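Residue numbers (my numbering): -11 to 380.
Okay, structure coming up:
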């Protein structure tokens, strides 16, 4: 794993750049989460819910027809088979247990594609806690099924109507709400973003993904280490989970697929490593798309979950040090990759995941290489987008 220092930095990136009103919340979390997570009681409850409620371990599936087409051994880590339909629930289960042990009564969250919102609403229903989810007004329109799922689960969905009305703006609104309700409220951040300790905490909850890949691959291929691990990156929680136990194994290539939108140079993109510079976003120093005077540039992606102007600080560090390779996948190519997997393997992926799938056409590899692609979510939530695109 990559070690984060005591101030929350991965190399040049990380930290906690927060308003004074939030210091008590962040300090409380920092002082308690390591101790709580290390306790036998916490681990027993967390592991039990992952097994019996989330449905872990998720399969590591050998994609025969995809492998034949691309000329490598391709495995899919089936996070789409988690309860709620994506990897997001691994983190929300962990954070709801923490919130309960810290005596919090109310949960807030942000969501883009809606999967984190659904996962948060789900664990709040499980634990009997009040839940408010902030979601960009545009995302509410394009991810309507997930909005209705959140409401059925008892959550209040609040539209963010500023800026591009997407994930960035939902995060802004959630932060404001937390500042105004610091004592009884816990903010379940959905990705490896935000002030320390959130990026490290979320990565640790998601690290169950690579933990399972290691022993599953050992069973199937007699090795714990694939040649390449591929995952999509917006904020980057599914990628952090898939990469976690391979950070310090240099022979394992880490490939992160970002959203190029209509093209890196089109002005309608979310390819942070291609377009971003160091700056402060949502409480941490990272790479983000911004103007020369520090104004955030509005991102664009056909996938709501990748429609974010930055990446988590751990991914900024991986890019800065060259430990991970970043590719920028355009909307059209991602949609085609999603349809291709549907036709070859009978699995309709989330459009976020489809970006990772297209990266097979953008990187070099050998026929004998073992490639693991983190299938971060299923495509049910994206049916309207697939239908409107219509290229099938």
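A virtual CB, placed ideally from N, CA and C, is assigned to each residue, including glycine. Nothing here was measured: the structure is a model prediction, and the numbers come from that model.
Secondary structure within the region 20 to 103: the alpha helix (DSSP H) runs of 4 or more consecutive residues, fully enclosed, are 28 to 37, 52 to 58 and 76 to 89 (chain order).
At a Cβ-Cβ threshold of 7 Å, residue 147 and residue 125 count as neighbours.
For residue 20 against residue 166, the beta-carbon gap comes to about 17 Å, at or over 8 Å, which does not count as contact. Here the region 99 to 106 makes contact with the region 127 to 145; the two share three or more CB pairs at distances below 8 Å. Look at the region 219 to 264 and you find these whole runs of alpha helix (DSSP H), each 4 residues long or longer: 225 to 231 and 260 to 263. Excluding its 5 nearest sequence neighbours in each direction, residue 258 has C-beta neighbours in its own chain below 8 Å: 222, 246, 247, 248, 249, 277, 287, 288, 289, 294, 295, 296 and 297, listed in chain order. Per the coordinates, the alpha-carbon of residue 54 lies some 21 Å from the alpha-carbon of residue 206.
Under DSSP, residue 1 forms a beta bridge with -2.
Using a Cβ distance threshold of 7 Å, residue 105 and residue 121 count as a contacting pair. According to the DSSP assignment, residue 359 belongs to the beta strand (DSSP E) that extends over 358 to 363. Note that the C-beta distance between residue 88 and residue 115 is below 7 Å. Residue 43 and residue 280 have their alpha carbons spaced roughly 46 Å apart. Within the same chain, 145 come within 7 Å of residue 139 by CB-CB distance, once the 5 residues on both sides are set aside.
Pairing residue 23 with residue 260, the inter-Cα distance amounts to about 34 Å.
With 16 or more other Cβ atoms inside 10 Å of its own Cβ, residue 347 counts as buried. In the three-state scheme derived from DSSP, where H, G and I count as helix and E and B as strand, residue 302 is classed as helix.
When secondary structure is reduced to three states using DSSP, residue 144 falls in the strand class. Counting only the Cα atoms, residue -2 lies some 8 Å from residue -10.
Each residue's CA atom was taken as its position, placing residue 8 and residue 91 some 22 Å apart. Straight-line spacing of the CA atoms in residue 316 and residue 322 works out to 10 Å.
Taking a cut-off of 8 Å for Cβ pairs, the region 57 to 72 and the region 349 to 367 touch, as three or more such pairs fall below it. Put simply, the backbone Cα of residue 203 is about 15 Å away from that of residue 215. For residue 273, the pairing in a beta bridge is given by DSSP as 2 and 268. A direct Cα-to-Cα measurement between residue 335 and residue 182 gives close to 32 Å.
The alpha carbon of residue 308 has as its nearest neighbour, out of 332, 328, 330 and 274, the alpha carbon of 274. The C-alpha of residue 184 lies about 16 Å from the C-alpha of residue 159.
The Cβ neighbour count for residue 375, taken over all protein chains shown within 10 Å, is under 16; the residue is labelled exposed. Distance from residue 337 to residue 306 at the Cβ level is roughly 23 Å; contact not present, criterion being Cβ atoms closer than 8 Å. Separation of the CB atoms of residue 313 and residue 217 is rounded to 11 Å, and the pair is thereby denied contact status at 8 Å. The DSSP-derived three-state label of residue 343 is helix. Residue 253 sits exposed, since fewer than 16 C-beta atoms from the chains shown fall within 10 Å of its C-beta. For the set 208, 234, 155 and 213, the Cα lying nearest the Cα of residue 195 is the one of 234.
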